[in-house]
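In my numbering, the protein residues as written are 8 to 504.
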């Protein structure tokens, strides 16, 4: 079995036949001599994979679109990349009012019953029998960055760093995260994200089964994992946190003995969550540290996480990671900028901008260090660091500490401007229940767990932190929360007046 989704089960034979028919069908609606540029904006389903494989089959430049993008961002990306065809789920149609009418649209998954001529399914049904021809162009996969302002940049998966693809790099991934052909993989991260794409491609390459749901819901995930007796769970930290928050009894339907792998990627994994996973499921957690421009960089195995729950493990075979403190390579334990090199690194963005490099090594934008055992530790984003009390302070470190507090359900910590000190930390906190810790309780907790210099000056309580499909909190979400808080403060002042 290849895929299990809300529409049922799909065998590899059926998947292959659908992909072949879709490839033939796409050729009939695309200009024959041009290199096709096809954008995909779909949630996880069979249609995502049929669309992706058929787009690759016609030699397209494929743009994996983030489903959280606004209509303006969608239009900007499609214009910048020269998109000719957009394959999207029907649920996103309302965001496409500003899209250039010259862009052809195909519906992947429908949210209303029936089939129409603009369906991917209709294209497949009407395609003539036969095998698709070899494409004239080498396909190119473009993953969009998760930047929080403006239209996201595009990073090409064909590289451009002068290095040739290496069998060792693929083997290095499986060496760290040992998928097997008989695995049943619950894939929660969206395929438009690098972490979801890597795991989906790896599992299908081996002939494993993917269990998909369009959007993550912890209770529904338990049902699917139990029903299909999944052996591997691929998530981002926020999803893992929400799954565990259901409690041990709610997780009882899952056959814990069947689970060989729980994979986390896409965001920082705090040590307290590592310990919580081990307590519930045993030592099966793997943590991948990667970047849009470099795919996977370092992977922590269960053994690495037992040795140190905060570790990002070590680079897989085929990947080189170095730490630079200024112009020189950092010593063991010395904090510096993380650089990575492999055939997967892509310093050139599709809009012409470039990431900083040193030779064949790409600057990730993260700060970290190697310990004496060769394990990598990622501290945070270089551009997110502030200086407080003469110390370098990373919001991610404070955020991880807050998430370990039993009275806090979710948290986001960001640097904000400060008239006196230039910058300060602001914490948005979702309480686990009432009564919860007061702002002073939270500040005292951070001071005791870390240091006074890491205490957020502002603690704002919010009912919820809206996260994207990859578990990130965007700047627009925080701006909206700030606007609500400002409006509430104004109403309070007016009432007192």
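Using N, Cα and C, we set each Cβ at its ideal position, and we do this for glycine too.
Predicted model, so just to flag it, every value in this text is computed and none were measured.
Spatial distance of residue i from residue j (CA atoms)
i           : j           : result
residue 230 : residue 250 : 11 Å
residue 313 : residue 290 : 8 Å
residue 341 : residue 37  : 53 Å
residue 166 : residue 97  : For residue 166, the predicted structure reports a pLDDT of 43, less than 50, and the residue's modelled location is therefore unreliable. A value from the coordinates is still provided. Rounded to the nearest angstrom, the two C-alpha atoms are 32 Å apart.
residue 11  : residue 50  : 14 Å
residue 76  : residue 102 : 9 Å
residue 193 : residue 62  : 24 Å
residue 300 : residue 163 : 8 Å
residue 449 : residue 439 : 13 Å
residue 338 : residue 431 : 30 Å
residue 256 : residue 221 : 25 Å
residue 170 : residue 426 : Here the model assigns residue 170 a pLDDT of 46, short of 50, so the residue's position is not dependable and the matter cannot be decided.
residue 386 : residue 296 : 12 Å
residue 402 : residue 239 : 31 Å
residue 363 : residue 235 : 45 Å
residue 172 : residue 352 : Below a pLDDT of 50, predicted positions are generally treated as unreliable, and residue 172, at 48, falls in that range; the measurement from the model is reported next regardless. Cα-Cα distance, rounded: 11 Å.
residue 48  : residue 185 : 29 Å
residue 33  : residue 302 : 28 Å
residue 241 : residue 343 : 30 Å
residue 484 : residue 473 : 7 Å
residue 237 : residue 225 : 15 Å
residue 494 : residue 424 : 20 Å
residue 78  : residue 477 : 19 Å
residue 270 : residue 233 : 17 Å
residue 286 : residue 274 : 21 Å
residue 383 : residue 369 : 16 Å
residue 54  : residue 456 : 47 Å
residue 183 : residue 206 : 12 Å
residue 328 : residue 253 : 37 Å
residue 40  : residue 147 : 17 Å
Contact set for residue i: own chain, Cβ-Cβ below 8 Å, skip 5 residues either direction
i           : result
residue 188 : 213, 214, 215
residue 88  : 44, 46, 68, 70, 149, 161, 357
residue 453 : 405, 408, 409, 461, 462, 463
residue 366 : 348
residue 31  : 134, 135, 137, 139
residue 20  : none
residue 118 : 96, 97, 98
Limits of the beta strand (DSSP E) - the one that residue i falls within
i           : result
residue 112 : 111–114
residue 163 : 161–163
residue 579 : Outside the displayed span of the chain (8 to 504) sits residue 579, for which this structure offers no information.
residue 524 : Coverage of the chain is limited to positions 8 through 504, which leaves residue 524 absent and any answer about it impossible.
residue 407 : Element bounds for residue 407: not the beta strand (DSSP E) but the alpha helix (DSSP H), 402–410.
residue 356 : That residue, residue 356, is in no beta strand (DSSP E); it is neither H nor E in DSSP.
residue 391 : Premise fails: residue 391 is in no beta strand (DSSP E) and is neither H nor E.
residue 12  : 10–12
residue 71  : 68–71
residue 327 : 327–332
residue 270 : 268–272
residue 347 : 343–348
residue 261 : Neither: residue 261 is in no beta strand (DSSP E) and is coded neither H nor E.
residue 150 : 147–151
residue 5   : In this structure the chain extends from 8 to 504, so residue 5 is not present and cannot be described.
residue 44  : 44–48
residue 104 : Where residue 104 is concerned, there is no enclosing beta strand (DSSP E), given that its DSSP letter is neither H nor E.
residue 95  : 92–95
Alpha helix (DSSP H) segment containing residue i, residue limits
i           : result
residue 309 : 309–314
residue 80  : 78–88
residue 318 : Looking at the DSSP string, residue 318 is not in any alpha helix (DSSP H), and its letter there is neither H nor E.
residue 19  : 19–36
residue 279 : 278–288
residue 133 : 127–133
Spatial neighbours of residue i in its chain, beta-carbon cut-off 7 Å, leaving aside the 5 residues before and after
i           : result
residue 8   : 16, 18, 216
residue 492 : 467
residue 277 : 407, 410, 411
residue 85  : 46, 93, 106, 107, 110
residue 83  : 158
Cβ-based neighbour list, residue i, same chain, cut-off 6 Å, excluding 5 preceding and 5 following
i           : result
residue 394 : none
residue 112 : 93
residue 60  : 26
residue 22  : 9
residue 28  : 131, 134
CB contact check: residue i to chain D, cutoff 8 Å
i          : result
residue 49 : Within the model displayed, chain D is absent; a lone protein chain is all it includes.
Examine the Cβ distances between the region 121–135 and the region 251–265 and report whether three or more of them are shorter than 8 Å.
no
Determine contact between the region 460–476 and the region 417–426, defined as no fewer than three beta-carbon pairs at a distance below 8 Å.
yes
For the region 415–496, list the alpha helix (DSSP H) runs that are entirely contained and at least 4 residues long, ordered along the chain.
446–456
Curious, which full-length beta strand (DSSP E) runs of at least 3 residues does the region 175–259 contain?
191–194, 216–219, 239–242
Quick check: the region 311–325 against the region 437–451, are at least 3 beta-carbon pairs closer than 8 Å?
no
How about the region 314–333 and the region 375–385: do they share at least three Cβ pairs that are nearer than 8 Å?
yes
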